[in-house]
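S.K.: I'd like to ask some things about the structure below.
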Amino acid sequence: MIDYSLLRMIWWVLLGVLLIGFAVTDGYDLGLGAILRLIGRDDVERRMALESIEPNWEGNQVWFILGGGAVFAAWPLLYAASFSSFYFAMLLLLVALILRPVGFAFRNRLPHARWRGAWDWALTIAGAVPSLVFGVAFGNLLLGVPFHFSDEMLPIYDGSFIGLFRPFALLAGVVSLAMLVMHGACFAAMRVEDPVGQRARRIARIAAVVASIGFVVAGLWLRYLPAPAIVGSLHADAPSDPLVKHVVMIDGGWFANYALNPWMIAVPVLTVLLLIAVVLCRARWLAFLASGAAVAGIILTAGLAMFPFLMPSSTNPGHGLTVWDASSSQRTLGIMLVAAAIFLPLILAYTSWAFRVMRGTVTRAHVQSQDELGGGY
1023 MIDYSLLRMI WWVLLGVLLI GFAVTDGYDL GLGAILRLIG RDDVERRMAL
1073 ESIEPNWEGN QVWFILGGGA VFAAWPLLYA ASFSSFYFAM LLLLVALILR
1123 PVGFAFRNRL PHARWRGAWD WALTIAGAVP SLVFGVAFGN LLLGVPFHFS
1173 DEMLPIYDGS FIGLFRPFAL LAGVVSLAML VMHGACFAAM RVEDPVGQRA
1223 RRIARIAAVV ASIGFVVAGL WLRYLPAPAI VGSLHADAPS DPLVKHVVMI
1273 DGGWFANYAL NPWMIAVPVL TVLLLIAVVL CRARWLAFLA SGAAVAGIIL
1323 TAGLAMFPFL MPSSTNPGHG LTVWDASSSQ RTLGIMLVAA AIFLPLILAY
1373 TSWAFRVMRG TVTRAHVQSQ DELGGGY
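The sequence shown maps to residues 1023 to 1399 in the numbering used here.
Okay, structure coming up:
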């Protein structure tokens, strides 16, 4: 059996891989949906944009399902506390995500402009709302979530739904929305024929500027926010119990890991450079690669700053969840690691294969030819 502390670290890394995998793959689907009505001026142009993601979006959602399953099985306390705290936000997220498959399934069933226009708005909402909510949730993690555990180890949320939308959390939401819009627009610019591709390229550049400014401002803002710090040692191989540690709040504490490990500074610096590259790159495929790497960099920057915390508590810092005290048992993590070692490479291979097979440019002539064959509705 692998050492317990090493298993916890491996699953922290895997959780990050799943989050990044979801953001990079399903992120361009969400981002493209959010700008659907901006890049498509008529029904045919919007169908061109939708056809570029229709072959892959369902497969990309596997990353989201895997991430939820990994949190449930590897970090049960995190799963319980997060769903209790973000219940209404999660409900809003799920409603938005449910709109997307319904929109794809029903949009082209009827040829009426009003029918298709309504589903276009539904797909836009289904792309924009999750992109914003994911960022707001991340922002609340950095602010600290108002929760604590009862004597029976039940997570109790001390805040409100409106309380999630604090200024810093909204800024994080704007960064998330901008980065996914950038990523989706880069994908559309690469895969959809002009003038739709040209409009997407302009939006990608604007979104990259907004994301880079928001990212830098959020980093500067963190300098003045209190962050939890563990006092004394925490046994990395002890059974999970988040109530046995002593935690204090330190202003600017989210930069402690970067001070201890200066090499980590390369991650946010490289992320900003990648966002600039999205603006400057003339090759659309290169801009798409840069946007995907920038999305990964933004998530990794936050993850490195928070380590070892997974979900800090603002009302009772000692009840915050860390990598070392919120995991499943050693045996459970070991069994799951075997499953991950089998299935994660298969998912990576499938995602890469599907992306390669469905490559190419979606043209207006191709979409109009489907009308002649009866495939337009």
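The beta carbon of each residue, even a glycine, is placed where N, CA and C say it ideally should be.
Since this is a predicted model, take the numbers as computed values, not measurements.
Beta-carbon within less than 8 Å of V1389's beta-carbon, same chain only, minus the 5 sequence neighbours each way: which residues are those?
M.R.: To locate residue 1389, count along the sequence shown from 1; it is residue 367. Contacts found: V1066, R1069, M1070, E1073, G1398.
S.K.: Grab me the residues of P1334's own chain with a C-beta within less than 6 Å of its C-beta, minus the 5 sequence neighbours each way, in chain order.
M.R.: Sequence index remark: in the sequence shown, residue 1334 carries index 312 (1-based). So the list reads G1166, P1250, G1342, once near-sequence residues are dropped.
S.K.: Quick one: what does DSSP say D1142 is sitting in, helix, strand or coil?
M.R.: As a working mapping, residue 1142 is identified with position 120 in the sequence shown. The answer is helix: DSSP assigns D1142 an H, G or I state.
S.K.: What distance in whole Å lies between the Cβ atoms of L1244 and L1164, which are believed to be in contact at a cut-off of 8 Å?
M.R.: Locating residue 1164 in the sequence shown gives position 142, counting from the first residue. Locating residue 1244 in the sequence shown gives position 222, counting from the first residue. Right, the Cβ-Cβ distance comes to about 7 Å (below 8 Å), so this counts as a contact.
S.K.: Would DSSP call V1270 helix, strand or coil?
M.R.: For the purposes of this step, residue 1270 is taken as residue 248 along the sequence shown, with counting starting at 1. Of the three classes helix, strand and coil, the one that applies to V1270 here is strand, per DSSP.
S.K.: Helix, strand or coil for P1261 per DSSP?
M.R.: The sequence position of residue 1261 within the sequence shown is 239, counting from 1. Coil, per DSSP.
S.K.: Let me check you understand the geometry: is the CB of V1389 closer than 7 Å to at least one non-hydrogen atom of the ligand MN?
M.R.: As for the ligand MN, it is missing from this structure, which has no ligand bound.
S.K.: Identify, in the order they occur along the chain, each residue of the same chain with its Cβ nearer than 6 Å to the Cβ of A1150, setting aside the five sequence neighbours on each side.
M.R.: Here residue 1150 refers to the residue found at position 128 of the sequence shown. Closer than 6 Å at Cβ, skipping near neighbours: A1056.
S.K.: Within this structure, are the beta carbons of T1047 and F1169 separated by less than 8 Å?
M.R.: Here residue 1047 refers to the residue found at position 25 of the sequence shown. Here residue 1169 refers to the residue found at position 147 of the sequence shown. Taking 8 Å as the Cβ cut-off, T1047 and F1169 do not qualify as a contacting pair.
S.K.: Since P1189 is in the alpha helix (DSSP H), which residue starts that stretch and which ends it?
M.R.: Your numbering for residue 1189 matches position 167 in the sequence shown. It spans 1189-1213 - the alpha helix (DSSP H) in which P1189 sits, taken as one unbroken run.
S.K.: Could you work out which residue in N1130, F1209, A1240, V1239 is closest to I1225 when comparing CA atoms only?
M.R.: Start at 1 with the first residue of the sequence shown, and residue 1225 comes out as number 203. Among N1130, F1209, A1240, V1239, the Cα nearest to that of I1225 is on F1209.
S.K.: Return the chain-ordered list of same chain residues with a C-beta closer than 6 Å to the C-beta of M1031, the five sequence neighbours on each side being excluded.
M.R.: Taking the first residue of the sequence shown as position 1, residue 1031 is located at position 9. Closer than 6 Å at the Cβ level, and outside the excluded window around M1031, lies no residue.
S.K.: Which residue or residues does DSSP assign as beta-bridge partners of M964?
M.R.: No answer is possible for residue 964: it lies beyond the span of the chain, which begins at 1023 and ends at 1399.
S.K.: Which one of L1202, A1233, A1258, G1161 has the shortest CA to CA distance from D1025?
M.R.: What you label residue 1025 is simply residue 3 of the sequence shown in a count that begins at 1. Residue A1258 is the option with its Cα nearest to D1025.
S.K.: What's the gap between the Cα of L1060 and the Cα of G1049?
M.R.: Against the sequence shown, residue 1060 aligns to sequence position 38. Against the sequence shown, residue 1049 aligns to sequence position 27. Each residue's alpha carbon lies about 18 Å from the other.
S.K.: What does V1384 pair with, by DSSP beta-bridge criteria?
M.R.: Here residue 1384 refers to the residue found at position 362 when the sequence shown is read from its first residue. Beta-bridge pairing links V1384 to V1214.
S.K.: Would you call the stretch 1133-1141 and the stretch 1106-1114 touching, i.e. three or more CB-CB distances under 8 Å?
M.R.: Cβ pair count under 8 Å is below three, so no.
S.K.: So, is G1161 buried or exposed, given that buried needs 16 or more other C-beta atoms within 10 angstroms?
M.R.: Within the sequence shown, residue 1161 is the residue found at index 139, counting from 1. Label assigned to G1161: buried.
S.K.: Within 8 Å, do at least three Cβ pairs link the stretch 1321-1331 to the stretch 1343-1359?
M.R.: Touching, per the Cβ criterion.
S.K.: Helix, strand or coil for P1177? Go by DSSP, reduced to three states.
M.R.: Within the sequence shown, residue 1177 is the residue found at index 155, counting from 1. In the structure shown, P1177 sits in a strand (DSSP, three-state: E or B).
S.K.: Just to confirm, are L1121 and A1148 a CB contact at a threshold of 8 Å?
M.R.: Within the sequence shown, residue 1121 is the residue found at index 99, counting from 1. Within the sequence shown, residue 1148 is the residue found at index 126, counting from 1. Yes, these two residues count as a Cβ contact at 8 Å.
S.K.: In angstroms with no decimal places, state the Cα-to-Cα distance between R1227 and W1137.
M.R.: Here residue 1227 refers to the residue found at position 205 when the sequence shown is read from its first residue. Here residue 1137 refers to the residue found at position 115 when the sequence shown is read from its first residue. Computed Cα separation, rounded: 32 Å.
S.K.: On the DSSP letters alone, give me the boundaries of the beta strand (DSSP E) that V1253 sits inside.
M.R.: On the sequence shown, position 231 is the one that residue 1253 refers to. Its beta strand (DSSP E) spans residues 1248-1253.
S.K.: Check the DSSP bridge columns for V1134 and list the partner residues they point to.
M.R.: Translated into the one-based positions of the sequence shown, residue 1134 becomes position 112. Just to set this straight, residue 1134 is His in the shown sequence, not Val. In the DSSP output, where bridge partners are listed per residue, H1134 has none listed.
S.K.: From F1171 to W1097, what distance separates their C-alpha atoms?
M.R.: For the purposes of this step, residue 1171 is identified with residue 149 of the sequence shown, where counting begins at 1. For the purposes of this step, residue 1097 is identified with residue 75 of the sequence shown, where counting begins at 1. Whole-angstrom Cα-Cα distance: 15 Å.
S.K.: Expressed to the nearest angstrom, what Euclidean distance is found between the alpha-carbon atoms of V1117 and V1155?
M.R.: Looking up residue 1117 in the sequence shown gives position 95. Looking up residue 1155 in the sequence shown gives position 133. Using only the alpha carbons, I get a separation of about 12 Å.
S.K.: Tell me which residues share the same chain as M1112 and place their Cβ nearer than 7 Å to its Cβ, disregarding the 5 neighbours each side in the sequence.
M.R.: Here residue 1112 is taken as the residue at index 90 of the sequence shown, counted from 1. Same-chain partners within the cutoff: F1105.
S.K.: With a Cβ-Cβ cutoff of 8 Å, do A1191 and V1214 count as a contact?
M.R.: By 1-based counting over the sequence shown, the position of residue 1191 is 169. By 1-based counting over the sequence shown, the position of residue 1214 is 192. No.
S.K.: What residues in its chain sit with their C-beta under 7 Å from that of V1384, if we drop five residues either side in the sequence?
M.R.: One-based indexing of the sequence shown puts residue 1384 at position 362. M1070, E1073, S1074, R1213, V1214, E1215, listed in sequence order.
S.K.: DSSP three-state call for R1108: helix, strand or coil?
M.R.: By 1-based counting over the sequence shown, the position of residue 1108 is 86. The sequence as given places Phe at residue 1108; Arg does not occur at that position. In this structure, F1108 counts as coil in the three-state DSSP scheme.
S.K.: Taking its Cβ as the centre, do 16 or more other Cβ atoms sit within 10 Å of I1320, making it buried, or is it exposed?
M.R.: To locate residue 1320, count along the sequence shown from 1; it is residue 298. So I1320 counts as buried.
S.K.: Could you tell me the boundaries of the alpha helix (DSSP H) in which F1171 lies?
M.R.: Translated into the one-based positions of the sequence shown, residue 1171 becomes position 149. Careful: F1171 lies outside any alpha helix (DSSP H), inside the beta strand (DSSP E) at 1169-1171.
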